[in-house]
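**Q**
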Amino acid sequence: MLDELSAAEWFQDLQPGQFRMIAERTMVFGEVMRGVATRSPTGDLVIIATDFHVWEPWQLYKLRWTIESTFGSQKSRGFDLERTGVTPPTRLERLFGLVTLAWLGCLRIGVWRHETKPIRVLAHGRKAMSLVRYGSEELRHVLRWIPERISEILRILISPFPPLGQPESEVVGY
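Convert by adding 36 to the 1-based position in the sequence shown; the result is the number in our numbering.
#1: Output the distance between the C-alpha atoms of Ile186 and Arg127, rounded to the nearest integer angstrom.
#2: When the Cα atoms are used, what is the spatial distance from Phe115 to Leu190?
#3: Going by Cα to Cα distance, which pick from Ser112, Trp101, Met57 is closest to Thr86?
#4: Is DSSP giving Gly141 helix, strand or coil here?
#5: With a threshold of 8 angstroms, are at least 3 pairs of Cβ atoms found where one atom belongs to the region 124–139 and the other to the region 70–79?
#6: Give the single residue among Ser195, Ser42, Ser166 whose Cα lies nearest to the Cα of Gln110.
#7: Below 8 angstroms on the Cβ atoms is my contact criterion, and I expect Arg144 with Phe197 to pass it. Report the Cβ-Cβ distance as a whole number of Å.
#8: Judging by CA-CA distance, which residue of Val64, Arg130, Arg149, Glu67 is the nearest neighbour of Glu174?
#9: Find the nearest neighbour of Pro231 within the set Ile83, Gly133, Thr123, judged by alpha-carbon distance.
#10: List the DSSP bridge partners of Leu81.
#11: Using a threshold of 8 angstroms, state whether the C-beta atoms of Ile194 and Tyr170 are closer than that.
#12: Does the Cβ of Ile182 have 16 or more other Cβ atoms within 10 Å, making it buried, or fewer, making it exposed?
#13: Keeping to the same chain, check which residues put their C-beta closer than 8 angstroms to that of Gly141; ignore five residues upstream and five downstream.
#14: Helix, strand or coil: which one does DSSP assign to Pro125?
#15: What number of angstroms, rounded off, separates the C-alpha of Ala164 from the C-alpha of Phe47?
#16: Could you tell me if Leu200 is buried or exposed, where buried requires 16 or more neighbouring beta carbons within 10 angstroms of its beta carbon?
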């Protein structure tokens, strides 16, 4: 609740990609804050309650969300880093570095694969899996069933990520 209205009522006419802040500080679950909102491309209402200026939270939240997603992927979704029994700091640092390299490799393959065969979009508008998971599944498939494609995968792994908006085919050289 924001003051006496629900967030859905405050931001009911907000369109995807638009940002809006309640002009004055308001009560958010009993605390005085600013309510800042946007709609995702799929129409989900995203709200941040904050004391920051209107544009700062979105920039900070975007950066934080990227980091949170990366760590979530490394810790529990596929790489299971949290279950390690390694405790000496130098060994843990080395393990974290290796997991990060593996994660980046899967992401790189996922970006390449998505360019040629896009990830399926589910009924609710979200992708069926992340780019990292997509790359991981492609890598496992090639290593297990199609060893003649390993050189192609290695070429993808050593090529740079495409700049934003540039097709993969222009980077890899297809």
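Glycine included, every Cβ here is placed at the ideal spot set by N, Cα and C. Computed from a predicted structure; not experimentally measured.
**A** This is what the structure holds:
#1: 30 angstroms
#2: 20 angstroms
#3: Comparing C-alpha distances from Thr86 to each of Ser112, Trp101, Met57 shows the shortest one belongs to Met57.
#4: helix
#5: no
#6: Ser166
#7: Contact flag correct, Cβ pair sits at about 7 angstroms.
#8: Ranking Val64, Arg130, Arg149, Glu67 by CA distance to the CA of Glu174 puts Arg149 first.
#9: What the structure shows of the chain is the stretch from 37 to 210, and residue 231 is not part of that stretch, so it cannot be assessed.
#10: Arg75
#11: no
#12: It is exposed - the Cβ of Ile182 has fewer than 16 other Cβ atoms within 10 Å.
#13: Gly171, Leu175, Leu193
#14: helix
#15: 28 angstroms
#16: exposed
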